[in-house]
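Scroll down for the structure; my scribbles are underneath it.
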Amino acid sequence: MCIVHFKELNLDEKILHAIEQLGYTEPTEVQQKVVPVVLGKQDVLVKSKTGSGKTASFAIPLCQLVDWDENKPQALVLTPTRELAVQVQEDITNIGRYKRIKGLALYGKSPFAKQKFALKQKTHIVVGTPGRVLDHIEKATLDVSKVEYLVIDEADEMLNMGFLKQVESIIKLLPNERTTMLFSATLSDRIKKLSSKYMKDAISIEIDAAEENAPDIEHLKYVVKDDQKLAFLEKLTIEENPDSCIIFCRTKERVDELVDALDKKGYTADKIHGGMMQEDRFEVMDDFRKGDFRYLIATDVAARGIDIEDITHVVHYDVPLERESYVHRTGRTGRAGRSGKSIMLVTPHEDKFVNAIENFIGFEITTGPELSPTAVAKNRAEFDLKMQEHPEAKKSKGDQLNANITKLYFNGGKKKKIRAVDFVGTIAKIEGVSADDIGIITIQDNVSYVEILNGKGSLVLKTMRNTTIKGKLLKVHIAIK
Ligand code: AMP
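With my numbering as the guide, the letters of the sequence shown map in order to residues 27 to 507.
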């Protein structure tokens, strides 16, 4: 069976519309195979790598299946890292936008109380890291009694990071009647055991690496002594002159050192590692996306969940100790059909790690061409010129979707006994506006936020300035965030 159009997957028009706006013209292989199975509520075990479109392969059917009227979460997605949780939640929000699907990300190192408050609102799909999700379930701030769908994303990484116990504790607290989906880049015995323990008659789907849309990435390696890495990196960046580059180091100390050293040399650089507050990590990622700096220095925490289209180079300043990390790091470039370059600096005694990586990826990484001093000197002027330029802002997948959306703020909420239906009832009566133009509605004690879709924000804003809701005239303006 070969499905070539999303239309053949029996999806709601609202979901098809969002998919189209995201620029997905046809389903990827994993989507072709997984979407129908999940829509049929069958358990599924999927071997597939990041970059294959696997997030949408579960996000699309989840958005289709959840019942909008139910207030309690119906689907739970577990991810190994906070960045990935946010990324998946964003994908779900984008895909479910016109169906007004409310997704919420829960993760550590971020205020519990804020998440607790958000969980009191209608939430269809919760995405989170195991520790924080378990914490919320145990404190009864996350009600899982209506959870019908469980996704364990990047299960191999989840086990590598030591989350097995927490994942099992969560599963045991979920209703037995459910559909379970497990995604993993590798199907080790431990993964198979996990799947046979908690899944029923799971259909196994393997997406061959070769069949995936292999991204166009050039892999190179250089042997460099550790104390010469900085000088080498300088030559390399002058030679390559990347538009946008992520440099991976093994530890946060190495990241701190390198970012300071590059700063001193005039590079526009910033960093992200596990020792930073989560909000700071998000801010750095946002700045990187906006083009505030060209070089992002990171530990492996950043290798997951960074879905930015225009990263031209990934440099492994330190060889990754886990062979899988090489694949995840490298996967940050060559996204969305673009080409990319992965360059690894290897110290003279690291052959065994490099061999393990090469065995894992199935080919030998080419030794890079010599960086001759004359060639480097020749490129210096061009490099300096680029240093003065502001990097281009990178595209975000939801840009087109978001361009048509205006979020409105109203100064009234629960305390004024205002409910979502009151907003829908009033706004849908405006001439030229229908209920389909209303997106996610968030009602708090004293304020509410209503998304207006399809470019109708200014019309609604203008009208609502003189229109009452439940007999009350509320102050309305465009929401700041
Ligand atoms: P993932 O494997 O989920 O990390 O997805 C990799 C990238 O592919 C993401 O940027 C997605 O937005 C994008 N993507 C997912 N499905 C499609 C599709 N059907 N067509 C084009 N791009 C897609």
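Note that the Cβ used here is the ideal one computed from N, Cα and C, for glycine as well. Please read these numbers as outputs of a predicted model, since none were measured by experiment.
For residue i, the three-state DSSP class (helix, strand or coil)
| i | result |
| --- | --- |
| E237 | At E237 the pLDDT is 41, less than 50, meaning the model places this residue with poor confidence and gives no usable figure here. |
| L42 | helix |
| Y133 | coil |
| E232 | strand |
| V112 | helix |
| L259 | helix |
| E34 | helix |
| S460 | coil |
| Y124 | helix |
| V476 | strand |
| S484 | helix |
| A295 | strand |
| V250 | coil |
| L322 | strand |
Residue i: CB within 7 Å of a non-hydrogen atom of the ligand AMP
| i | result |
| --- | --- |
| A82 | yes |
| E52 | yes |
| Q57 | yes |
| T107 | no |
| T359 | no |
| S484 | no |
| G439 | no |
| T76 | yes |
| G12 | It is not possible to answer for residue 12, since the shown part of the chain is limited to 27 through 507. |
| G79 | yes |
C-beta contact flag for residue i and residue j at 8 Å
| i | j | result |
| --- | --- | --- |
| E174 | A82 | no |
| I19 | G424 | As displayed, the chain neither begins before 27 nor continues past 507, which places residue 19 out of reach and without an answer. |
| L160 | S195 | yes |
| C271 | V341 | yes |
| L514 | L91 | Given a span of 27 to 507 for the chain in the structure shown, any question on residue 514 remains unanswerable. |
| I233 | V56 | yes |
| Y343 | F274 | yes |
| K442 | K498 | yes |
| L371 | A44 | no |
| K297 | A324 | yes |
| D38 | K125 | yes |
| V193 | L132 | no |
| K148 | K128 | yes |
| I118 | L88 | yes |
| I444 | K496 | yes |
| V60 | I231 | yes |
| R315 | I334 | yes |
| D377 | S351 | no |
| L176 | R216 | no |
| D282 | T373 | no |
Of the residues the options, the one placed nearest residue i, counting alpha carbons only
| i | options | result |
| --- | --- | --- |
| H150 | I196, L397, V327 and N97 | N97 |
| T400 | R158, M225 and L262 | L262 |
| K501 | N480, Y475, G481 and L479 | Y475 |
| F386 | I478, G300, E348 and A166 | E348 |
| A228 | I41, K498 and K67 | K67 |
| S484 | D463, I495 and D312 | D463 |
| N472 | G481, F436 and K482 | F436 |
| E509 | K496, D313 and K290 | With the chain covering only 27 through 507, there is no way to say anything about residue 509. |
| P523 | E376, E266 and K218 | Since the displayed the chain opens at 27 and closes at 507, residue 523 lies outside it and no answer follows. |
| K33 | V486, I86 and D252 | I86 |
| R158 | A111, R320 and R315 | A111 |
| T294 | K255, R364, M413 and Q304 | M413 |
| K165 | K142, K172, D179 and T212 | K142 |
| H375 | V250, S78 and M225 | V250 |
| I264 | K482, N405 and T489 | N405 |
| L411 | G292, K278 and N36 | G292 |
Rounded Cβ spacing between residue i and residue j (contact assumed at less than 8 Å)
| i | j | result |
| --- | --- | --- |
| F209 | K80 | 6 Å |
| A446 | I467 | 4 Å |
| M187 | F84 | Wrong, their Cβ atoms sit about 20 Å apart, outside the cutoff. |
| T76 | T155 | Not confirmed; about 16 Å, so no contact. |
| D242 | D336 | The Cβ separation is near 14 Å, so there is no contact. |
| K433 | I383 | Actually they are not in contact, since the Cβ atoms of K433 and I383 sit about 45 Å apart, beyond 8 Å. |
| T392 | T359 | Actually they do not touch by this definition, with Cβ atoms about 16 Å apart. |
| V152 | P99 | 5 Å |
| E52 | H31 | 6 Å |
| G317 | K420 | 7 Å |
| S78 | Q304 | That pair is no contact at about 27 Å. |
| K73 | L213 | 5 Å |
Chain D within 8 Å of residue i, Cβ atoms only
| i | result |
| --- | --- |
| E390 | In the displayed structure, chain D is absent; only one protein chain is listed. |
Closer than 7 Å: residue i CB and nearest the ligand GTP heavy atom
| i | result |
| --- | --- |
| I369 | In the structure on display, the ligand GTP does not appear, and the ligands it does have are the ligand AMP. |
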